[in-house]
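Visitor: Residue numbers (the working numbering): -15 to 43. Ideal Cβ positions, reconstructed from N, Cα and C, are used throughout, including at glycine.
1. Quick one: measure Cβ to Cβ for residue 91 and residue 10, integer angstroms, because I've assumed they're closer than 8 Å.
2. How is residue 12 classed by DSSP in three states: helix, strand or coil?
3. Quick check on DSSP: helix, strand or coil for residue 4?
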């Protein structure tokens, strides 16, 4: 168990944290990607809803 924590601490010291500008760019990328995915899902939902309405009118 002691060996595990020694290894954990050693690995924790190797972590490289991003600087402020990298953090801002990466955060913006995640937000833009999430918005794009949300727009795609919204569009697909709208198309499928419209298609189901058409099928209900035919039946």
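Guide: Well, looking at it:
1. Residue 91 lies beyond the residue range present for the chain, which begins at -15 and ends at 43; the question has no answer from this structure.
2. helix
3. helix
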